[in-house]
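K.L.:
One structure is given below, represented as structure tokens, and several questions about it will come after.
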Amino acid sequence: MKARRKKLASAIQIAVFLAIPAVAVAQEATTLDTVTVTGSRIKQTNAVTAQPVFVLDREKIAQTGVQSVGEILQQLTAGGKALNAKFNSSGNFGYPSDGGGIGAGSAQVDLRHLGSQRVLVLVDGIRWVNESSASGVSGSADLNTIPLSIVDRIEVLEDGASAIYGSDAIAGVVNIITRKKFEGVEVHTYYGEYSRGGETTEASLTLGGGGERFNGVFSASYYEQKRISAADWEQSAWPEPGAGLAAGSSAIPQGRFTFCDPARPVGSYGSCTPSEEFFYDLALDDGTTTPVWNPADPSAGTYHDFTGADRFNFAPYNLLLTPSKRKSMFGSVNVDLTDNVRLHAKMLYNNRQSANQAAPEPIFVGPYAGTGGIADTIMISAANPYNPFGIDLIPGQNFGWITKRPVEVGPRIFNQDVDTTYFNLGLDGVFNLGDRSFSWDANYVHAENKAEQVFLNGYNMANIALALGDPTVCAAVPGCVPLDLFGGQGRPMTQEMIDWIRTRQIDSSKQVLDIASANLTGDLFGIGDRMAQFAAGVEHRRYKGEFNPDPLRQTGESQDSFAAPVSADYDVSEVYTEFNFPVLASLDLSAAVRFSDYSTFGSETTGKLGFRFQPVEDLVFRGTYSQGFRAPNLGELYGLTQFGATLVDPCGPTGSPVVDTTDGVSAGLEAACVAQGVPNNFEQANTQITTFTGGNPDLSPEKSDSYTVGVVYSPGWAERLSWSDKLDFELSYYHHKIDDAIAPRDIQALLNACLAAGGQDPALCSPFTRGSSGNLNPPENFLDNLATIETDGLDVKVNWASPDWGWGVLTAALQATTVFNYEAVDIDGNRSQRQVGWEVSDSAIPRWQGNLQLGWKRGNFDATWNVRYISAVKEDCGNAVISAVPGCLNDEGVNTLGSTTYNDVQFGWKDAFALNGLKLSLGANNVFGKEPPVCVTCSLNGYDAGTYDLPGAFWYVSADYRF
7 MKARRKKLAS
17 AIQIAVFLAI
27 PAVAVAQEAT
37 TLDTVTVTGS
47 RIKQTNAVTA
57 QPVFVLDREK
67 IAQTGVQSVG
77 EILQQLTAGG
87 KALNAKFNSS
97 GNFGYPSDGG
107 GIGAGSAQVD
117 LRHLGSQRVL
127 VLVDGIRWVN
137 ESSASGVSGS
147 ADLNTIPLSI
157 VDRIEVLEDG
167 ASAIYGSDAI
177 AGVVNIITRK
187 KFEGVEVHTY
197 YGEYSRGGET
207 TEASLTLGGG
217 GERFNGVFSA
227 SYYEQKRISA
237 ADWEQSAWPE
247 PGAGLAAGSS
257 AIPQGRFTFC
267 DPARPVGSYG
277 SCTPSEEFFY
287 DLALDDGTTT
297 PVWNPADPSA
307 GTYHDFTGAD
317 RFNFAPYNLL
327 LTPSKRKSMF
337 GSVNVDLTDN
347 VRLHAKMLYN
357 NRQSANQAAP
367 EPIFVGPYAG
377 TGGIADTIMI
387 SAANPYNPFG
397 IDLIPGQNFG
407 WITKRPVEVG
417 PRIFNQDVDT
427 TYFNLGLDGV
437 FNLGDRSFSW
447 DANYVHAENK
457 AEQVFLNGYN
467 MANIALALGD
477 PTVCAAVPGC
487 VPLDLFGGQG
497 RPMTQEMIDW
507 IRTRQIDSSK
517 QVLDIASANL
527 TGDLFGIGDR
537 MAQFAAGVEH
547 RRYKGEFNPD
557 PLRQTGESQD
567 SFAAPVSADY
577 DVSEVYTEFN
587 FPVLASLDLS
597 AAVRFSDYST
607 FGSETTGKLG
617 FRFQPVEDLV
627 FRGTYSQGFR
637 APNLGELYGL
647 TQFGATLVDP
657 CGPTGSPVVD
667 TTDGVSAGLE
677 AACVAQGVPN
687 NFEQANTQIT
697 TFTGGNPDLS
707 PEKSDSYTVG
717 VVYSPGWAER
727 LSWSDKLDFE
737 LSYYHHKIDD
747 AIAPRDIQAL
757 LNACLAAGGQ
767 DPALCSPFTR
777 GSSGNLNPPE
787 NFLDNLATIE
797 TDGLDVKVNW
807 ASPDWGWGVL
817 TAALQATTVF
827 NYEAVDIDGN
837 RSQRQVGWEV
847 SDSAIPRWQG
857 NLQLGWKRGN
867 FDATWNVRYI
877 SAVKEDCGNA
887 VISAVPGCLN
897 DEGVNTLGST
907 TYNDVQFGWK
917 DAFALNGLKL
927 SLGANNVFGK
937 EPPVCVTCSL
947 NGYDAGTYDL
957 PGAFWYVSAD
967 YRF
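Numbering-wise, our numbering puts 8 at position 2 of the sequence shown, and it's gapless, one number per residue.
In structure tokens:
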């Protein structure tokens with residue numbers, strides 16, 4: 007019986023919860039030393055624990071063909087949207103409401119679609135420092151700070167574990183185990199390239215060795231990934247696939263001019279009325295070098311009414327793949343001080359240099375800009391030598407806005423430089439009391455992640471205001487010259503003008519984590535032929551975060567988003583204990599409890615229960631119940647920023663006016679819009695609505711209840727047969743419910759609900775006000791404990807290995823996850839648009855995701871074939887800037903993103919060319935060049951970069967030489 011359990015344990019340790027390419031299959035039984043498996047602090051020999059854990063070793067990591075921890079984990083079938091190099095949004099979208107910043111250039115992991123902030127990242131069982139990326143104080147770890155060359159294996163616990171590890175471990179835990187025992191020298195080189203470019207180069211050198219009481223590992227690595235332009239793919243070359251210029255920006259190189267002339271007769275085109283419905287809305291004719299103005303008939307001069315055909319295509323300036331360079335050094339040392347006490351130390355330095363790019367910065371001046379800042383208040387003087395209209399343009403009187411995109415300035419560029427340092431020093435040891443054995447460890451960790459972002463080709467709004475105002479005032483300021491927003495491309499800005507308004511902005515941020523911890527685990531007493539076991543420990547952590555936006559952002563003088571500085575810290579002290587009782591020969595019960603005391607909100611106690619039942623040799627039932635919590639992080643508590651949310655105003659979507667009271671007012675949407683003061687023929691001026699967002703110092707922690715129930719079946723009748731050497735099955739059901747979830751309101755859903763309720767409901771409509779033009783004023787949308795999130799689903803695993811048939815050994819492994827339900831409801835009763843089978847806000851929750859791996863191995867040769875499947879999802883075309891596009895022209899008003907299948911292949915040759923220790927690999931991910939489905943509501947590049955691969959195949963070669 008015991009031997010059989012160990013065989014099952016060995017198989018499942020390799021095969022359980024495997025949701026990535028080239029996964030391991032069952033192996034022969036081995037005698038296991040006691041080890042700590044993620045999900046428990048108790049050392050044990052049984053790898054089939056009460057909770058599901060996936061283990062991926064270096065060999066299987068290499069078979070994925072990717073070169074970063076983030077890319078590997080984002081292929082989990084249990085994963086969700088997480089930041090990666092395919093996201094190009096930097097400061098041009100402002101700052102998300104969670105206070106964590108954009109995270110440009112980082113890579114994160116999401117489990118169960120619950121967000122990266124609800125996944126705890128550990129390195130060797132100890133928390134990793136959160137990322138900064140120079141745009142906020144984040145609650146998520148950047149996996150790009152951990153080079154793949156130092157990784158021995160990755161363990162993923164897809165179960166709540168706050169009672170074991172503390173805050174953040176709601177959706178699961180990722181534990182990255184570093185290399186500690188290594189002998190010799192290993193040189194690794196890698197080159198890969200997408201069909202549209204984006205060359206990837208990686209090289210690493212690892213050295214290891216030691217003596218009887220000492221061993222050490224040193225690793226140095228370099229990684230470089232080059233950019234791919236959005237212009238290189240038709241789907242990403244336009245703001246919205248199928249919409250053409252209609253979805254483009256109203257900030258155009260020729261300039262857009264919306265104002266009225268008090269001299270015009272009331273009721274005539276260009277006249278001034280409180281409703282602003284007769285305002286000019288003009289664009290300068292192409293080819294104009296000297297504007298000619300006729301107020302009675304602008305078309306008689308060099309102007310025409312602005313239409314969708316005038317809009318600007320900003321998409322080709324974006325990036326489909328962002329560039330990144332990473333350099334790192336890592337060292338690990340273990341010294342046996344005595345036979346029972348060991349000193350261990352680890353050090354890491356990692357530098358990342360990455361970049362994002364966007365179209366040339368547009369200039370918006372006037373109240374229609376809706377920034378809530380200086381731009382809304384700028385007055386343009388009639389005395390400006392370039393003003394062709396001959397009148398003062400004054401906000402609140404006769405001025406809507408002027409928009410101008412000076413392409414001569416060049417694209418916006420955001421360069422990030424991020425340094426991560428990590429130091430761990432500790433002791434560990436063992437001792438015995440009678441026939442009971444114990445292990446202990448004590449650790450101190452200091453880690454920092456600090457970043458600087460340099461933003462090029464942005465503008466100083468205070469300087470723009472001076473340059474558009476009274477020329478005599480401008481002349482009195484050194485360097486100021488009058489600004490020409492009126493000449494279009496035929497009369498571009500002079501270098502003197504550009505130098506006066508252009509500014510180089512530098513943002514920086516820093517996160518510091520200090521940890522002191524001690525743990526003890528061992529035997530309590532015997533129950534039958536096994537021992538009851540325990541673990542107990544204490545931990546103290548201190549978090550410190552800083553965000554220092556450029557002074558122009560802080561004063562509101564930046565044309566880019568406003569941001570306020572953050573400098574704060576908090577500490578937490580914790581104590582925990584954990585027990586495992588083998589109450590029967592076939593039944594283990596486990597329990598854990600943790601007490602956490604925070605300097606910010608007070609204390610929290612969480613518990614966990616589990617069971618493992620093996621009624622027969624081939625079968626294990628297991629389950630857990632976990633209480634979890636997530637403390638609000640520093641960004642969520644104290645951040646204050648702006649976010650340029652893409653918000654479709656139902657009262658006037660681009661190209662589709664709703665209000666026309668000349669024939670009466672229709673019940674429903676038109677009546678709600680009229681009630682809010684929307685004038686006739688209104689179209690929203692800009693779909694990127696500035697929203698004031700940020701933290702809330704009164705936040706409480708999130709609380710969660712999670713449970714898992716599973717069965718593992720490893721039938722003896724399928725072992726060592728002519729057709730099967732090993733066969734394993736697993737089913738695991740999961741359920742998570744989070745109360746008091748920290749979130750902003752879904753601003754689009756709230757606006758839709760407000761108008762559906764008549765436009766005047768105080769609970770639904772309080773964030774929304776409108777200017778006299780009908781345009782939405784910047785709403786406020788701060789964080790609060792707003793939501794309840796609930797999700798459940800099922801994981802299915804099947805693994806098979808053949809005997810050696812002479813011509814090779816075959817393996818097959820299937821992992822599939824189905825999500826039964828995902829529901830988020832806020833305190834107002836509004837249900838989030840995000841649900842199973844739907845694409846919302848650049849994030850999909852497919853009903854099914856699956857991976858199938860086929861493997862062959864004979865001697866020194868091996869091959870793998872991986873098939874990755876994502877089921878179809880739908881999106882609401884009403885969330886698109888332009889809804890009348892291919893895919894949306896149906897009665898349901900939805901676009902279907904069809905099911906997608908990717909195929910990855912790899913061929914390997916060990917001891918190549920008879921050189922012992924040389925391994926060569928050749929492979930291709932997405933070998934057939936499958937393109938991602940069209941997404942009309944996604945904010946950039948026409949597809950969901952968190953769910954789908956880049957278009958086209960990725961080919962690679964690698965060489966590893968160990969001696």
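Virtual Cβ for every residue (Gly too), placed ideally from N, Cα, C.
Values in this document were obtained by computation on a predicted structure and should not be read as measured data.
Indicate whether residue 74 and residue 108 have their beta-carbon atoms separated by less than 9 Å.
P.N.:
No, these two residues do not count as a Cβ contact at 9 Å.
K.L.:
Taking residue 962 and residue 71 to be in contact with their CB atoms under 8 Å, please state how far apart those CB atoms are, rounded to whole angstroms.
P.N.:
About 6 Å; that satisfies the 8 Å criterion.
K.L.:
Is the beta carbon of residue 304 closer than 9 Å to that of residue 273?
P.N.:
Cβ atoms of residue 273 and residue 304: not closer than 9 Å.
K.L.:
By DSSP, does residue 275 sit in helix, in strand, or in coil?
P.N.:
It is coil, neither helix nor strand.
K.L.:
Taking DSSP as the reference, what is the three-state secondary structure of residue 723?
P.N.:
Residue 723 falls in the helix class under three-state DSSP.
K.L.:
Rank 224, 695, 750, 656 by C-alpha distance to the C-alpha of residue 677 and give the top, closest one.
P.N.:
Of the listed residues, the one whose Cα sits closest to residue 677 is 656.
K.L.:
Are three or more beta carbon pairs between the segment 502-509 and the segment 461-471 nearer than 8 Å?
P.N.:
Result yes; three or more Cβ-Cβ pairs closer than 8 Å.
K.L.:
Cα-Cα, which of 384, 411, 413 is closest to residue 400?
P.N.:
It is 384 whose Cα lies nearest to the Cα of residue 400.
K.L.:
To the nearest angstrom, how far is the alpha carbon of residue 613 from that of residue 178?
P.N.:
Residue 613 and residue 178: Cα-Cα distance of roughly 15 Å.
K.L.:
Assuming residue 311 contacts residue 287 under a Cβ cut-off of 8 Å, what Cβ separation, rounded to an integer in Å, is found between them?
P.N.:
The Cβ separation is near 6 Å, so the contact holds.
K.L.:
One question on the structure: do residue 48 and residue 570 come within less than 9 Å of each other, judged by their Cβ atoms?
P.N.:
No, Cβ-Cβ distance for residue 48 and residue 570 is not below 9 Å.
K.L.:
Do you know how far the Cα of residue 407 is from the Cα of residue 386?
P.N.:
So the alpha carbons of these two residues sit roughly 10 Å apart.
K.L.:
Under 8 Å by Cβ, that's how I've got residue 453 and residue 135 pegged, so tell me the actual separation to the nearest angstrom.
P.N.:
With 8 Å as the limit, residue 453 and residue 135 qualify as a contact, their Cβ atoms being about 4 Å apart.
K.L.:
So is residue 703 buried or exposed if we call it buried at 16+ other beta carbons inside 10 Å?
P.N.:
Burial call: exposed.
K.L.:
Please report the straight-line C-alpha distance between residue 111 and residue 417, rounded to a whole angstrom.
P.N.:
Approximately 18 Å, taken between the alpha carbons.
K.L.:
Please list the segments of the alpha helix (DSSP H) lying wholly inside the segment 143-205, counting only runs of 4 or more residues, in order along the chain.
P.N.:
Entirely contained in the segment 143-205, the alpha helix (DSSP H) runs reaching 4 residues are, in chain order, 168-171.
K.L.:
Skipping 5 residues on each side, what residues in its chain have a beta carbon closer than 6 Å to that of residue 241?
P.N.:
These residues qualify, in order along the chain: 247, 948.
K.L.:
Alpha carbon to alpha carbon, what distance is there between residue 91 and residue 326?
P.N.:
Distance between the alpha carbons of residue 326 and residue 91: 9 Å.
K.L.:
Using DSSP with H/G/I as helix, E/B as strand and the rest coil, what is residue 593?
P.N.:
The answer is strand: DSSP assigns residue 593 an E or B state.
K.L.:
Between the C-alpha atoms of residue 552 and residue 86, what's the straight-line distance to the nearest angstrom?
P.N.:
Answer to the nearest angstrom: the Cα atoms are 28 Å apart.
K.L.:
For residue 754, which three-state DSSP category applies?
P.N.:
It is helical.
K.L.:
Does the segment 931-938 touch the segment 906-918, meaning 3 or more C-beta pairs lie closer than 8 Å?
P.N.:
Contact between the segment 906-918 and the segment 931-938 is present, because at least three Cβ pairs lie under 8 Å.
K.L.:
May I ask you to verify whether the segment 448-465 touches the segment 419-435, counting CB pairs closer than 8 Å and requiring at least 3?
P.N.:
In short, these stretches touch, since the Cβ pair count reaches three.
K.L.:
Helix, strand or coil for residue 602, going by three-state DSSP, please let me know.
P.N.:
Strand, per DSSP.
K.L.:
For the 8 Å Cβ check, are there 3 or more pairs between the segment 883-896 and the segment 243-259?
P.N.:
Yes, since at least three Cβ pairs between the segment 883-896 and the segment 243-259 fall closer than 8 Å, the two stretches touch.
K.L.:
Residue 402: which of 93, 142, 266, 584 sits nearest, CA to CA?
P.N.:
Comparing Cα-Cα distances from residue 402 to each of 93, 142, 266, 584, the minimum goes to 266.
K.L.:
List the whole-angstrom C-beta distance separating residue 157 from residue 184, where the pair is believed to meet the contact cut-off of C-beta under 8 Å.
P.N.:
About 7 Å separates the two Cβ atoms, so the contact holds.
K.L.:
Of all the options 746, 590, 124, 581, which has the alpha carbon lying nearest to the alpha carbon of residue 604?
P.N.:
Residue 604 has its Cα closest to that of 581, out of 746, 590, 124, 581.
K.L.:
Could you round the C-beta distance between residue 642 and residue 705 to whole angstroms and report it? I think they count as a contact, below 8 Å.
P.N.:
Yes, residue 642 and residue 705 are in contact; Cβ-Cβ is about 6 Å, under 8 Å.
K.L.:
To the nearest angstrom, report how far apart residue 514 and residue 755 are at their CA atoms.
P.N.:
Rounded to whole angstroms, residue 514 to residue 755 spans 33 Å at the Cα level.
K.L.:
For residue 138, does the three-state DSSP call read helix, strand or coil?
P.N.:
Residue state, collapsed to three classes: coil.
K.L.:
DSSP three-state call for residue 559: helix, strand or coil?
P.N.:
Here residue 559 sits in helix by DSSP.
K.L.:
Under a Cβ-count criterion, where at least 16 other Cβ atoms within 10 Å of its own Cβ denotes burial, should residue 318 be classed as buried or exposed?
P.N.:
Buried, since its Cβ has 16 or more Cβ neighbours within 10 Å.
K.L.:
Along the chain, where does the beta strand (DSSP E) containing residue 397 start, and where does it finish?
P.N.:
Counting along the chain, residue 397 falls outside any beta strand (DSSP E), and DSSP gives it neither H nor E.
K.L.:
Look at residue 176 and residue 710 and say whether their C-beta atoms are less than 9 Å apart.
P.N.:
It is a contact, given that the beta carbons lie within the stated cut-off.
K.L.:
Given a cut-off of 9 Å, decide if residue 875 and residue 855 are closer than it, judged by their beta-carbon atoms.
P.N.:
For residue 855 and residue 875, yes; Cβs fall inside 9 Å.
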